[in-house]
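Below is one structure, written out as structure tokens; the observations come after it.
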Amino acid sequence: MKVVIIGGDAAGMSAAMEIVRNDKSAQIVVLEKGDIYSYGQCGLPYVINGKVPNTDELIARDVEEFRSKYDIDARIFHEVTAIDTKLQTVSGHDVNSKEPFEFAYDKLLIATGAAPKMPPLENADLQGIHMIKTIPQMNALMEQLPNVKHVTVVGGGYIGLEVVETVRERGLDVRLIHQGSQLMSILDPELSKIIYEEAISHGVEVLLNEETIGFEGKQCVEAIRTKTGTYPTELVIVATGVSPNTQFAKEFAKLGNGALIVNEKMETSIANVYAAGDCASHFNRLKQHDDYLPLGTTANKQGRIAGLNIAGFNYKFSGIVGTSILKFFDLQIGMTGLSNADADKLHALVEAYVMEVNDIASYYPHASKMKLRMLVEQQSRKLVGLQIVGKHGVDKRIDVFATALYNEMTFEELLDLDLAYAPPFSGVWDALMQAPKRYGKKG
124 MKVVIIGGDA
134 AGMSAAMEIV
144 RNDKSAQIVV
154 LEKGDIYSYG
164 QCGLPYVING
174 KVPNTDELIA
184 RDVEEFRSKY
194 DIDARIFHEV
204 TAIDTKLQTV
214 SGHDVNSKEP
224 FEFAYDKLLI
234 ATGAAPKMPP
244 LENADLQGIH
254 MIKTIPQMNA
264 LMEQLPNVKH
274 VTVVGGGYIG
284 LEVVETVRER
294 GLDVRLIHQG
304 SQLMSILDPE
314 LSKIIYEEAI
324 SHGVEVLLNE
334 ETIGFEGKQC
344 VEAIRTKTGT
354 YPTELVIVAT
364 GVSPNTQFAK
374 EFAKLGNGAL
384 IVNEKMETSI
394 ANVYAAGDCA
404 SHFNRLKQHD
414 DYLPLGTTAN
424 KQGRIAGLNI
434 AGFNYKFSGI
444 VGTSILKFFD
454 LQIGMTGLSN
464 ADADKLHALV
474 EAYVMEVNDI
484 ASYYPHASKM
494 KLRMLVEQQS
504 RKLVGLQIVG
514 KHGVDKRIDV
524 FATALYNEMT
534 FEELLDLDLA
544 YAPPFSGVWD
554 ALMQAPKRYG
564 KKG
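Here it is, written out as structure tokens:
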């Protein structure tokens, strides 16, 4: 069996390794546009502040290991530009030499990930304007950072906040420009306000409701322009989201944003073609339809499922509930399930429980407050979503709640969970139990 995989990172190589383990006769060719395989993109921001010493630390396995140890024909600088699904071939060219190539396949996996979005901004080709989705992009940024004192970050989502923190911890002045009215727009405004205050307390200049329209400078960026003003800066990092890399897959069924629609086996709308990771759809268990929440965890899981099915098994991807977490200075920001906006789109009637709860026993040293917002479906009492902002213990509660969502538990059933307790770790009634204990139905 000839297997071609387009993309040599999380989803692609997770699939490749499953095929290697389970089908010794498979001939695997991986076509990677760059020259770096299997690295941790989520760790890139932490190269800026030195928590990760350099980008090499993020590489799990290099291309030579895949070739020599696992007998995978791992190509570099091979950009795919077309798929012929009738002849079952993929074609493209070498990025450097422009020499064309073509490979035939019996099974094909598209695992091309996503690319950072650069809005249509004036003078976006000036030097000193960066995006940081790949190791080469981060290396280019790190070459310039020692020569600047002021950085502007555009975008107040996950990556934008992580970059703001790590640049500030490097000792540089930072301005954060965000088009929306609050940071982390998915959060309830009360929780988002805590993030805003955290940024201000660490010396970050935050400009909300500012739509960026372009940049000024001769060769290098010298200022950033919004609809309301012009702000001097020495370097810009744009973090305004990502788009799936699926331009070459023209005849495939796609979501509105271009992600390839896949079923529970990771099969696309075309026979013998699979897709996984940031270029594919992600079935949302709560919404009960295809969604797009590109995360490294999901990419690895979908890649594993695709690889096993290509190898002849019958595995199914169980879907996501929308779990994520990030660190922002001294805060942990976690969420899982639906937001109020999501519930409104589904016409779901929900109740919101908003509380301040302790992360550990209140009498134990260094106890701190967490702001918690829990959504519950009115009629069924099923859990719908959770958002937490606090200094400690957010990850534990988000993971427990995500497990509860997966198993379709109700609000009151949270009280039945047998959770670990000792004063340094939790109160006798855990933070997740506080809301149902106080507001749950009796009898």
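Position 118 of the sequence shown, counted from 1, bears residue number 241 in the working numbering, the numbering being contiguous throughout. Note that beta-carbon positions come from the ideal geometry of N, C-alpha and C, so glycine has one too.
CA-to-CA distance, residue 384 to residue 412, given in whole angstroms: As a working note, residue 412 is residue 289 in the sequence shown. As a working note, residue 384 is residue 261 in the sequence shown. So the alpha carbons of these two residues sit roughly 11 angstroms apart.
Backbone secondary structure at residue 298 - three-state DSSP: Your numbering for residue 298 matches position 175 in the sequence shown. In the structure shown, residue 298 sits in a strand (DSSP, three-state: E or B).
Residue 322 in three-state terms, based on DSSP: Numbered from 1 along the sequence shown, position 199 holds the residue referred to as residue 322. Of the three classes helix, strand and coil, the one that applies to residue 322 here is helix, per DSSP.
Beta-carbon proximity check, residue 166 vs residue 154, cutoff 7 angstroms: Your numbering for residue 166 matches position 43 in the sequence shown. Your numbering for residue 154 matches position 31 in the sequence shown. Not closer than 7 angstroms, so no.
Proximity below 7 angstroms, CB of residue 142 to CB of residue 151: Here residue 142 refers to the residue found at position 19 when the sequence shown is read from its first residue. Here residue 151 refers to the residue found at position 28 when the sequence shown is read from its first residue. The answer is yes: Cβ separation under 7 angstroms.
Whether residue 346 touches residue 335 by CB criterion (7 angstroms): By 1-based counting over the sequence shown, the position of residue 346 is 223. By 1-based counting over the sequence shown, the position of residue 335 is 212. It is not a contact, given that the beta carbons lie outside the stated cut-off.
From 139, 488 and 359, residue whose alpha carbon lies closest to that of residue 254: Counted from its first residue, the sequence shown places residue 254 at position 131. Residue 359 is the option with its Cα nearest to residue 254.
Cβ pair count under 8 angstroms reaching 3, the segment 206–214 against the segment 224–237: Yes, they touch.
Beta-carbon contacts of residue 332 that lie in its chain and below 6 angstroms, excluding the five residues immediately before and after: What you label residue 332 is simply residue 209 of the sequence shown in a count that begins at 1. Shown here for residue 332: same chain residues with a beta carbon closer than 6 angstroms to its own, the five before and five after excluded, namely 304 in chain order.
Under the three-state DSSP convention, the category residue 189 falls into: In the sequence shown, residue 189 corresponds to position 66, counting from 1. In the three-state reduction of the DSSP assignment, residue 189 falls in the helix class, which pools H, G and I.
Beta-carbon proximity check, residue 487 vs residue 547, cutoff 7 angstroms: Here residue 487 is taken as the residue at index 364 of the sequence shown, counted from 1. Here residue 547 is taken as the residue at index 424 of the sequence shown, counted from 1. Yes. Within cutoff.
N-terminal and C-terminal residue of the beta strand (DSSP E) that residue 330 is part of: Residue 330 sits at position 207 when you count from the first residue of the sequence shown. Run containing residue 330: 328–330, per the beta strand (DSSP E) assignment.
Cβ shell of residue 521 (< 8 angstroms), same chain only, five flanking positions each side left out: The residue you call residue 521 lines up with position 398 of the sequence shown. The answer, listed in chain order, is 446, 448, 457, 458, 459, 509 and 511.
Neighbour-count burial assignment, residue 132, 16 or more Cβ in a 10 Å radius: For the purposes of this step, residue 132 is taken as residue 9 along the sequence shown, with counting starting at 1. By the neighbour-count criterion, in which a residue is buried when 16 or more other Cβ atoms sit within 10 angstroms of its Cβ, residue 132 is buried.
Check whether residue 363 and residue 240 have beta carbons under 7 angstroms apart: Numbered from 1 along the sequence shown, position 240 holds the residue referred to as residue 363. Numbered from 1 along the sequence shown, position 117 holds the residue referred to as residue 240. Yes, the Cβ-Cβ distance between residue 363 and residue 240 is below 7 angstroms.
Contact belief for residue 127 with residue 213 at Cβ below 8 angstroms, rounded distance in angstroms: In the sequence shown, the residue the question calls residue 127 occupies position 4. In the sequence shown, the residue the question calls residue 213 occupies position 90. Taking C-beta atoms under 8 angstroms as the contact rule, residue 127 and residue 213 qualify, at a distance of about 6 angstroms.
Three-state class that DSSP yields for residue 545 in the structure shown: As a working note, residue 545 is residue 422 in the sequence shown. Correct three-state label for residue 545: coil.
Contact set for residue 137: own chain, Cβ-Cβ below 7 angstroms, skip 5 residues either direction: Stepping through the sequence shown from its first residue, residue 137 is reached at position 14. Around residue 137: 423, 426, 427 and 430.
Backbone secondary structure at residue 315 - three-state DSSP: For the purposes of this step, residue 315 is taken as the residue at position 192 of the sequence shown. DSSP places residue 315 in helix when its eight states are reduced to three.
8 angstroms Cβ shell around residue 356 - same chain, five flanking residues per side excluded: As a first step, residue 356 is located in the sequence shown; it is residue number 233 there, counting from the start. These residues qualify, in order along the chain: 273, 274, 275, 298, 344, 345, 346 and 347.
For residue 524, three-class secondary structure by DSSP: For the purposes of this step, residue 524 is taken as residue 401 along the sequence shown, with counting starting at 1. Reduced to three states, the DSSP call for residue 524 is helix.
Segments assigned alpha helix (DSSP H), at least 4 residues, entirely inside the segment 389–423: Fully enclosed alpha helix (DSSP H) runs of no fewer than 4 residues are not present anywhere in the segment 389–423.
Coil, strand or helix - residue 529 by DSSP: Position 406 of the sequence shown, counted from the first residue, corresponds to residue 529. Note: residue 529 maps to helix in three-state DSSP.
Cβ of residue 369 within 7 angstroms of any chain C Cβ: The chain inventory of the structure shown lacks chain C, comprising one protein chain alone.
Assigned secondary structure, residue 237 (DSSP; H/G/I helix, E/B strand, else coil): Looking up residue 237 in the sequence shown gives position 114. If DSSP states are grouped into helix, strand and coil, residue 237 belongs with the strands.
Cβ separation of residue 513 and residue 549, assumed to be a contact under 8 angstroms, to the nearest whole Å: By 1-based counting over the sequence shown, the position of residue 513 is 390. By 1-based counting over the sequence shown, the position of residue 549 is 426. The distance from the Cβ of residue 513 to that of residue 549 is about 13 angstroms, inconsistent with a contact at the 8 angstroms cut-off.
Contact check, residue 443 vs residue 405, beta carbons under 7 angstroms: Residue 443 sits at position 320 when you count from the first residue of the sequence shown. Residue 405 sits at position 282 when you count from the first residue of the sequence shown. The Cβ atoms of residue 443 and residue 405 sit closer than 7 angstroms to each other.
Residues near residue 534 in its chain [Cβ-Cβ closer than 7 angstroms; skip 5 each side]: Position 411 of the sequence shown, counted from the start, is the residue given in the question as residue 534. Taken in chain order, the residues that qualify are 499, 504, 506, 559 and 563.
Sub-7 angstroms separation of residue 390 and residue 440 beta-carbons: On the sequence shown, residue 390 is found 267 positions in, with the first residue counted as 1. On the sequence shown, residue 440 is found 317 positions in, with the first residue counted as 1. No; because the gap between Cβ atoms is not below 7 angstroms, this pair is not in contact.
Residue 137 - DSSP class collapsed to helix/strand/coil: As a first step, residue 137 must be located in the sequence shown, where it is residue number 14. Under the three-state reduction of DSSP, residue 137 is assigned to helix.
DSSP-derived helix/strand/coil call for residue 385: Walking along the sequence shown from the start, residue 385 turns up at place 262. In the displayed model, residue 385 falls within coil according to three-state DSSP, outside both helix and strand.
As assigned by DSSP and simplified to three states, the class of residue 499: For this step, residue 499 is matched to residue 376 along the sequence shown. Strand at residue 499.
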